[in-house]
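As they're listed, the protein sequences go chains A and B. So for the first sequence, numbering that gives the first Met the number 0 puts the first residue at 0; every next one is plus one. So for the second sequence, numbering that gives the first Met the number 0 puts the first residue at 0; every next one is plus one. To keep things clear, I will list the structure first and then write my remarks on it.
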Amino acid sequence: MKLRPPTGRRLTNGAVSGLAAVSALLGLLGLAWILSGVLFRGLGALNWSFFTQLPAPPGMPGGGLANALAGTVLITLLATFLGVPVGLLAGVFLGEFGRQSRLADTVRFAGNVLMGVPSIIIGVFVYTIVVIPTGSFSGYAGALALALIMLPIVARTTEDMLSLIPDPLREAGLALGAPRWRVTLTVIFRAAKSGLITGVCLAVARVSGETAPLLFTALNSPYWPDSLGEPTPNLTVTIFNYAMSPYPDWQQTAWGASLIITLGVLALTLLARLSLRERQK
Amino acid sequence: MMNIRAASPTPGYPAPQGGEKLRAGVKTRMVSPARADLGFKWLTILLAGLIPLLMGAILVELVRHSYPALQRFGWGFLVSQSWNPVTQEFGAASSIYGTLVSTCIAMLLAVPLSLAIALFLVELSPPGTSRVVGGLIELLAAIPSIIYGMWGLFVFAPFMAEYVQPALGRTLGFLPLFQGPPMGIGMLTAGVILALMILPYMSAITRDVFRLVPPVMKESAYGLGATTWEVAYKVTIPYGIVGIMGAVFLGLARALGETMAVTFVIGNDHRIAASLFAPGNSIASTLANEFTEASDPLYLSALVALALVLFVITVVVQIFSQIMLRRLYRARGGGA
């Protein structure tokens, strides 16, 4: 084997190392640029009426997005109540009963693929199964779309967290005469608690910033959400509509909403990570 | 405990009133754990089964609702460029083209960048720095798509129009790709933002793949006098190539289906232009923009057909990605 002279090799090495460091720097720069942009432009839009009032027509002073805030919270909560229990139990099958079985393998594969299906497709799907038959856009449809997105995420993280629990703990529980379901729900779940919370937080964080699946399920509305059976106001679709409008004050409001969404999602994500770190100690 | 004692009748005495009931209670208590366990197990099986069922249901629904459009336009739907709700002419070519081109730009930028970042995190930086930098880059994945859209439209597109596109026009303007007025929004800007969005996914998986390489192999190469780059190029990358392919396909699927960020900056024009500066559209952006406006059944059906095309493409790419990653982890003896 013929080697190039060492100086050339060392130079290549130095260049590649430099490029690698620059790449990492570029990634960080992108993050800083986005976050600072949202922070500076968003802060200017936030005031008391933003959190307490209904949207104002363009050009009118005042007005806020209180209805959209409430709607986003409602839809996300309902999605969590729908998606998390199902996801947890599906994860129990993968981690406790299924393990190496063929069905578990299929579920795992489908779950991974489903996680990569664009969220707008989930929106179209829910449109066809809920909005067309019921004849109206609704907060329920929006919550269902978000729940479907959460389902595979919660299932897979639950499985991962359950697989960290050593088998002797299960055997100890069963040896005391407790039935399997009880061992799972009271012993294993308790042992995996912080991990499960992490998974749920990440799933909630992921869907609370989603826009595409809400565009044609929950739609949007400038009024208070009286019930989830009608088009329901929400922050993300409002950002989309306002940003695309030609009115500077609406665009300003969209920045305020962006800041709220970003802070909420980042807080949930960091909470999830801290919870996991606590566990690893 | 109480029940059992009360239910066992004292010898010589007739069973107390209600003894039957109590005994029945004991009986179900003794049988129920097994039955409850079976029920619990089946419940979890049923709920887990929802996941593959959901995949199937999405496919069925999309096919069912896109049928009128597909029947009317046939395979021509995929190659026709016209998109006119008034004359009821629908073709997916411009949307498919936009999806592929913006994704191509994103991959060209993000693949080398994510490899370089993974290399930096695993081989070059000290563990503390690696953890912090890696964590921050992963944070890019947590930022919602719509925030990328806002930033892209109001901050990044003007930057592109002001600095990047004029510079590209001056240096590479002889290529048709970089001609035309620098408007900021358009295919190129969409591609760059997509690259930033898929970067964290790809660099995180590539980093994990690099970490799977047994230290002995790297140390042997270092022992032969190889430099860090040579170890990465000749040992680490060949060893983890399957995993890197998996990461690339995963990023590809994300980029193909990314909706909001692209919708904000791509310009939403149903024409195919040679220049990357020109506005265009993608499947996802067309859906986001037009779905709620589609009052006509054929229009709606054409949009669902677009969704079907996107679904099939991303699922195929995802399956590739999963097969690659699976092969890697199986070979290394880890879990799925």
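Positions of the beta carbon are idealized from the N, C-alpha and C atoms, including for glycine. Remember, predicted model here, so these are calculated numbers, not experimental data.
Roughly how many angstroms lie between the CA atoms of His-64 (chain B) and Val-123 (chain A), to the nearest whole one? What you label residue 64 (chain B) is simply residue 65 of the second sequence in a count that begins at 1. What you label residue 123 (chain A) is simply residue 124 of the first sequence in a count that begins at 1. The straight-line gap from Cα to Cα measures roughly 10 Å.
What span of residues does the alpha helix (DSSP H) with Asn-240 (chain A) cover, start to end? Your numbering for residue 240 (chain A) matches position 241 in the first sequence. Counting along the chain, the alpha helix (DSSP H) containing Asn-240 (chain A) begins and ends at 234-243.
Among B:Trp-82, B:Ala-306 and B:Leu-195, which residue has its Cα nearest to the Cα of Ala-31 (chain A)? Taking the first sequence and counting its residues from 1, one reaches residue 31 (chain A) at position 32. Nearest option by C-alpha distance: B:Leu-195.
Does the pairing of the segment 43-53 of chain A with the segment 189-196 of chain A give three or more beta-carbon distances under 8 Å? no
Local conformation of Asn-46 (chain A) per DSSP, three classes: As a working mapping, residue 46 (chain A) is identified with position 47 in the first sequence. Coil.
Counting only Cβ pairs nearer than 8 Å, list the residues of chain B close to Val-91 (chain A). Numbered from 1 along the first sequence, position 92 holds the residue referred to as residue 91 (chain A). Per Cβ cutoff of 8 Å: Thr-43.
Cα-Cα separation, Leu-168 (chain A) to Thr-226 (chain B): Position 169 of the first sequence, counting from 1, holds the residue named residue 168 (chain A). Position 227 of the second sequence, counting from 1, holds the residue named residue 226 (chain B). Those two C-alpha atoms are separated by around 47 Å.
How would you list, in chain order, the residues of chain B whose beta-carbon sits under 9 Å from the beta-carbon of Arg-276 (chain A)? Reading the first sequence from its first residue, position 277 is the one you call residue 276 (chain A). For Arg-276 (chain A), there are no C-beta contacts with chain B under 9 Å, since the nearest C-beta of that chain is about 10 Å from it.
At the 8 Å Cβ level, is Met-149 (chain B) part of the contact set with chain A, yes or no? Along the second sequence, read from residue 1 onward, the residue named residue 149 (chain B) stands at position 150. True, the Cβ-Cβ gap to chain A drops below 8 Å.
When DSSP labels each residue in this structure, what does Gly-17 (chain B) get in the three-state scheme? Walking along the second sequence from the start, residue 17 (chain B) turns up at place 18. Reliability of the predicted coordinates at Gly-17 (chain B) is poor, the pLDDT of 45 falling under 50, and no value is obtained from them.
Excluding five sequence neighbours on each side, which residues of the same chain lie with their C-beta closer than 8 Å to the C-beta of Val-106 (chain A)? Here residue 106 (chain A) corresponds to residue number 107 of the first sequence, with the count starting at 1. Ala-89, Phe-92, Leu-93, Gly-97 and Ala-154, listed in sequence order.
When you compare the CB of Met-380 (chain B) with every CB in chain A, is at least one pair closer than 8 Å? No statement about residue 380 (chain B) is possible, as the shown extent of chain B runs from 0 to 335 and does not include it.
Is the separation between the beta-carbon of Ala-144 (chain A) and that of Ile-121 (chain A) shorter than 8 Å? As a first step, residue 144 (chain A) must be located in the first sequence, where it is residue number 145. As a first step, residue 121 (chain A) must be located in the first sequence, where it is residue number 122. Against a cut-off of 8 Å, the Cβ pair of Ile-121 (chain A) and Ala-144 (chain A) comes out as a contact.
Taking Gly-256 (chain B) as the query, report the chain A residues whose CB atoms sit under 8 Å from its CB, ordered along the chain. As a first step, residue 256 (chain B) is located in the second sequence; it is residue number 257 there, counting from the start. By Cβ distance, chain A contributes Gly-115, Val-116, Pro-117, Ser-118, Ile-119 and Ile-120.
Buried or exposed: Tyr-246 (chain A), going by 16 or more other Cβ atoms within 10 Å of its Cβ? Taking the first residue of the first sequence as 1, we reach residue 246 (chain A) at position 247. Residue burial annotation: Tyr-246 (chain A) is exposed, with fewer than 16 other C-beta atoms found within 10 angstroms of its C-beta.
Can you name the residues of chain B whose CB is closer than 9 Å to the CB of Trp-254 (chain A)? For this step, residue 254 (chain A) is matched to residue 255 along the first sequence. In chain order: Met-149 and Phe-153.
Count the C-beta pairs between the segment 301-316 of chain B and the segment 211-218 of chain B that are closer than 8 Å, then say yes if the count reaches three, no if not. no
What number of angstroms, rounded off, separates the C-alpha of Pro-221 (chain A) from the C-alpha of Leu-68 (chain A)? Stepping through the first sequence from its first residue, residue 221 (chain A) is reached at position 222. Stepping through the first sequence from its first residue, residue 68 (chain A) is reached at position 69. Cα to Cα, the separation comes out at about 12 Å.
Is there a Cβ from chain A that is less than 8 Å from the Cβ of Val-233 (chain B)? As a working mapping, residue 233 (chain B) is identified with position 234 in the second sequence. Note on residue identity: the sequence assigns Lys, not Val, to residue 233 (chain B). False, the Cβ-Cβ gap to chain A never drops below 8 Å.
Neighbour list for Trp-180 (chain A) in chain B, Cβ cutoff strictly below 7 Å: To locate residue 180 (chain A), count along the first sequence from 1; it is residue 181. The contacting residues are Ala-35, Asp-36 and Phe-39.
Can you tell which of B:Pro-181, B:Gln-87, B:Pro-199 and B:Leu-324 has the C-alpha that lies nearest to the C-alpha of Ala-115 (chain B)? The residue labelled residue 115 (chain B) in the question sits at position 116 within the second sequence. Closest option to Ala-115 (chain B), Cα to Cα, is B:Pro-199.
Can you tell me where the alpha helix (DSSP H) holding Arg-169 (chain A) begins and where it ends? Mapped onto the first sequence, residue 169 (chain A) falls at position 170. Unbroken alpha helix (DSSP H) run through Arg-169 (chain A): 166-174.
With C-beta atoms as the reference, is Met-149 (chain A) less than 8 Å away from Ala-202 (chain A)? One-based indexing of the first sequence puts residue 149 (chain A) at position 150. One-based indexing of the first sequence puts residue 202 (chain A) at position 203. Yes, the pair counts as a contact, with Cβ atoms nearer than the cut-off.
Ala-20 (chain A) to Ala-68 (chain B), Cα distance in whole Å? Taking the first residue of the first sequence as position 1, residue 20 (chain A) is located at position 21. Taking the first residue of the second sequence as position 1, residue 68 (chain B) is located at position 69. Each residue's Cα considered, the two are about 50 Å apart.
Can you check whether the C-beta of Gly-24 (chain B) is within less than 8 Å of a C-beta belonging to chain A? Along the second sequence, one-based indexing puts residue 24 (chain B) at 25. Any answer about Gly-24 (chain B) is weak, because its pLDDT of 46 lies below 50 and its placement is not dependable; what the coordinates show is given next. Closer than 8 Å: no.
Short of 6 Å in beta carbon distance, which residues of its chain neighbour Gln-251 (chain A), apart from the five on each side in sequence? Order them along the chain. Indexing the first sequence from 1 puts residue 251 (chain A) at position 252. Short of 6 Å from the beta carbon of Gln-251 (chain A), and not among the five residues preceding or following it, lie these beta carbons of its own chain, in chain order: Ala-44.
Coarse secondary structure for Phe-173 (chain B), derived from DSSP in three states: What you label residue 173 (chain B) is simply residue 174 of the second sequence in a count that begins at 1. Note: Phe-173 (chain B) maps to coil in three-state DSSP.
Reference Ala-301 (chain B); option with closest CA among B:Ile-146, B:Gly-75, B:Ala-140 and B:Val-208: Position 302 of the second sequence, counted from the start, is the residue given in the question as residue 301 (chain B). Ranking B:Ile-146, B:Gly-75, B:Ala-140 and B:Val-208 by Cα distance to Ala-301 (chain B) puts B:Gly-75 first.
Find the nearest neighbour of Leu-161 (chain A) within the set A:Ile-131, A:Gly-176 and A:Leu-195, judged by alpha-carbon distance. As a working mapping, residue 161 (chain A) is identified with position 162 in the first sequence. Ranking the options by Cα distance to Leu-161 (chain A), first place goes to A:Leu-195.
In three-state terms, what does DSSP make of Asn-83 (chain B)? Looking up residue 83 (chain B) in the second sequence gives position 84. DSSP places Asn-83 (chain B) in strand when its eight states are reduced to three.
Ends of the alpha helix (DSSP H) at Met-341 (chain B)? Here chain B comprises residues numbered 0 to 335, so residue 341 (chain B) is not present and cannot be evaluated.
Can you pull out the residues from the segment 146-157 of chain A whose beta carbon lies closer than 7 Å to at least one beta carbon of chain B? Leu-147, Leu-150, Pro-151 and Ala-154
With Ser-284 (chain B) and Val-261 (chain B) assumed to form a contact (beta carbons below 8 Å), what rounded beta-carbon distance in angstroms separates them? Translated into positions along the second sequence, residue 284 (chain B) becomes position 285. Translated into positions along the second sequence, residue 261 (chain B) becomes position 262. Going by Cβ atoms, the distance from Ser-284 (chain B) to Val-261 (chain B) rounds to 5 Å, so yes, they are a contact pair.
Is the beta carbon of Leu-305 (chain B) less than 8 Å from the beta carbon of Ile-282 (chain B)? What you label residue 305 (chain B) is simply residue 306 of the second sequence in a count that begins at 1. What you label residue 282 (chain B) is simply residue 283 of the second sequence in a count that begins at 1. Result yes, Cβ atoms of Leu-305 (chain B) and Ile-282 (chain B) sit closer than 8 Å.
Interface residues of chain A around Pro-51 (chain B) at Cβ under 7 Å? Indexing the second sequence from 1 puts residue 51 (chain B) at position 52. Under the 7 Å cutoff, chain A gives Thr-105, Val-106 and Ala-109.
Identify, in the order they occur along the chain, each residue of the same chain with its Cβ nearer than 6 Å to the Cβ of Pro-54 (chain A), setting aside the five sequence neighbours on each side. In the first sequence, the residue the question calls residue 54 (chain A) occupies position 55. These residues qualify, in order along the chain: Gly-62 and Pro-221.
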